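Residue numbers (this note's numbering), protein chains in the order written: chain E, 33 to 245; chain D, 617 to 873. Cβ coordinates follow ideal geometry from the N, Cα and C atoms, glycine included. Model, not experiment: these values are computed from the prediction. Just below is one structure, and these are the notes that go with it.
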């Protein structure tokens, strides 16, 4: 079949969608995740999902904006928060599975950095991810909107280039993409990591058909 | 890998927290003297890159007083036409470093500096030169290197809209940053290797030093945020997520080699 190499036709290819809620927007320091969620899925269904709160024992201070936007609660963290190393040990095997595409919305510009900080603060070396496994739904959406043909030989480079593109009228937030694709969104639940991931997964499913990757 | 050359930046660039003060002037727990850092590392030469000429004299004086040889580089943004004011002109910008080879080179670099910075028509969001300005002011007393990050290779690879065709005034030497910790680095390395395979260019291994230790990265990002007009919680510095631009990392790699 023509195009049979495209991901949209693969029933076995798995995608790891990951989202992190953090203390602020600092990529360098004092900003590991306090909520780490992931979904493992194929193009048709979610196979597994995990939602973990991480208790850093008050080591980091959350910014006012992050607290407001994410609904961070010290009480909740105290109740259900787990040890950072414990959560990392659950996440690491799926993160480093090279057969799985690592996906996220704006993951290239953000989520990978708190993951590195997480490693640093639990005394582990920087995790070595093969960046060619990454699918950034924000970059893919920009490609779709601009009608850019995907560079299948070096898609990650193209995604990085797209991630640096900004223009008025080109809206690629998860919320606006979901609206465009007819995906129902409960605005009150946005910025809860696992809910965002479900929306992200549905957007990814649409993008696999909209962009020839 | 070969020898790794540590490249120091100072606070004058807005990108580092090392300073050109004497060790006596530096307070404990405050900014660290580049002279002190160089001595700590047992260096005889100090490769110092600045975005201006005005701290050259402090650097030269302090190095002379401490028996260190100063090797000075001027970092410039260049584009095809520095007088063009357009988004494409910004996309065409890339960095180069011009080094002084000898004492005669000091006057030549001053002339080049003047050609770039004394002409206000070169300003579009920032002062930049052009490949033709480089060529018009080039002499054999200067050396050209292409840095690893923000070079034409980096920008062409990762920046939307960039398709820079450089016009070198002489054959440049390419710099390869070791252990940067930057996530997209494999793409820059790939672009560099591809370019080098098409020509006979020299490559040197370098380590950029913006701050003394891994722990100082926090103070560094605060400084960067202040310079950027942003905040610690929201620095708004793209891909600024590596703590490896420090002397401590250079010493660790040197020891392991």
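What are the boundary residues of the alpha helix (DSSP H) that includes residue i?
| i | result |
| --- | --- |
| residue 120 of chain E | 116–127 |
| residue 839 of chain D | 833–844 |
| residue 717 of chain D | Looking at the DSSP string, residue 717 of chain D is not in any alpha helix (DSSP H), and its letter there is neither H nor E. |
| residue 676 of chain D | 672–681 |
| residue 749 of chain D | 747–752 |
| residue 167 of chain E | Taken as a continuous stretch (DSSP letters only), residue 167 of chain E belongs to no alpha helix (DSSP H), being part of the beta strand (DSSP E) at 166–168. |
| residue 768 of chain D | 768–774 |
| residue 620 of chain D | Element bounds for residue 620 of chain D: not the alpha helix (DSSP H) but the beta strand (DSSP E), 620–625. |
| residue 656 of chain D | 650–656 |
| residue 207 of chain E | 206–212 |
In three-state terms, what does DSSP make of residue i?
| i | result |
| --- | --- |
| residue 634 of chain D | strand |
| residue 804 of chain D | helix |
| residue 48 of chain E | strand |
| residue 151 of chain E | helix |
| residue 73 of chain E | strand |
| residue 190 of chain E | helix |
| residue 856 of chain D | coil |
| residue 217 of chain E | coil |
| residue 724 of chain D | helix |
| residue 863 of chain D | helix |
| residue 700 of chain D | coil |
| residue 43 of chain E | coil |
| residue 712 of chain D | strand |
| residue 664 of chain D | strand |
| residue 228 of chain E | helix |
| residue 789 of chain D | strand |
| residue 758 of chain D | strand |
| residue 102 of chain E | helix |
| residue 739 of chain D | strand |
| residue 764 of chain D | coil |
| residue 241 of chain E | helix |
| residue 161 of chain E | coil |
| residue 847 of chain D | coil |
| residue 782 of chain D | coil |
| residue 196 of chain E | coil |
| residue 10 of chain E | Nothing about residue 10 of chain E can be reported from this structure: the residues present for chain E run from 33 to 245 only. |
| residue 629 of chain D | helix |
| residue 65 of chain E | strand |
| residue 202 of chain E | coil |
| residue 156 of chain E | coil |
Got a sec, what are the start and stop residues for the beta strand (DSSP E) residue i sits in?
| i | result |
| --- | --- |
| residue 689 of chain D | 685–695 |
| residue 135 of chain E | 132–136 |
| residue 821 of chain D | 818–825 |
| residue 246 of chain E | Since the first and last residues shown for chain E are 33 and 245, residue 246 of chain E lies out of range. |
| residue 794 of chain D | Note, residue 794 of chain D: premise wrong, no beta strand (DSSP E); not H, not E. |
Please check the pair residue i and residue j, which I expect to be a contact at CB under 8 angstroms, by giving their CB distance rounded to whole angstroms.
| i | j | result |
| --- | --- | --- |
| residue 211 of chain E | residue 197 of chain E | With a Cβ gap of about 21 angstroms, residue 211 of chain E and residue 197 of chain E do not count as contacting. |
| residue 740 of chain D | residue 771 of chain D | Actually they do not touch by this definition, with Cβ atoms about 16 angstroms apart. |
| residue 52 of chain E | residue 72 of chain E | That pair is no contact at about 16 angstroms. |
| residue 133 of chain E | residue 70 of chain E | About 12 angstroms; that fails the 8 angstroms criterion. |
| residue 753 of chain D | residue 727 of chain D | 5 angstroms |
| residue 821 of chain D | residue 639 of chain D | Residue 821 of chain D to residue 639 of chain D, Cβ: 28 angstroms. No contact. |
| residue 814 of chain D | residue 707 of chain D | Their Cβ separation, rounded to whole angstroms, is 23 angstroms, which puts residue 814 of chain D and residue 707 of chain D out of contact at 8 angstroms. |
| residue 759 of chain D | residue 712 of chain D | The Cβ separation is near 11 angstroms, so there is no contact. |
| residue 182 of chain E | residue 107 of chain E | With a Cβ gap of about 46 angstroms, residue 182 of chain E and residue 107 of chain E do not count as contacting. |
| residue 49 of chain E | residue 229 of chain E | 5 angstroms |
Taking its Cβ as the centre, do 16 or more other Cβ atoms sit within 10 Å of residue i, making it buried, or is it exposed?
| i | result |
| --- | --- |
| residue 199 of chain E | exposed |
| residue 119 of chain E | buried |
| residue 130 of chain E | exposed |
| residue 150 of chain E | buried |
| residue 631 of chain D | buried |
| residue 698 of chain D | buried |
| residue 190 of chain E | buried |
| residue 786 of chain D | exposed |
| residue 84 of chain E | buried |
| residue 56 of chain E | buried |
| residue 66 of chain E | buried |
| residue 194 of chain E | buried |
| residue 677 of chain D | exposed |
| residue 645 of chain D | exposed |
| residue 693 of chain D | buried |
| residue 763 of chain D | buried |
| residue 125 of chain E | exposed |
>> Taking beta-carbon pairs under 9 angstroms, can you tell me which members of the segment 179–211 of chain E lie near chain D?
In response: 186, 188, 189, 192, 193, 194, 195, 196, 197 and 198
>> To be precise: take each residue of the segment 153–172 of chain E, compare its Cβ to all Cβ atoms of chain D, and keep it if any distance is under 8 angstroms. Which residues remain?
In response: 158, 161 and 163
>> For the segment 43–66 of chain E, list every residue whose C-beta sits within 9 angstroms of some C-beta in chain D, in sequence order.
In response: 55, 56, 57, 58, 59, 60, 61, 62 and 63
>> Under 7 angstroms, CB to CB, which of the residues in the segment 94–105 of chain E have a partner in chain D?
In response: 95
> Looking at chain E, which residues of the segment 830–844 of chain D have a Cβ within less than 7 angstroms of any of its Cβ atoms?
Replying inline: 833, 834 and 837
>> Closer than 7 angstroms between beta carbons: that is the criterion. Which residues of the segment 220–237 of chain E meet it against chain D?
In response: none
>> Any C-beta of chain E within less than 9 angstroms: which residues of the segment 678–709 of chain D qualify?
In response: none
> Going along the chain, which residues of the segment 769–790 of chain D sit with their C-beta nearer than 7 angstroms to a C-beta in chain E?
Replying inline: 773, 774, 775 and 776
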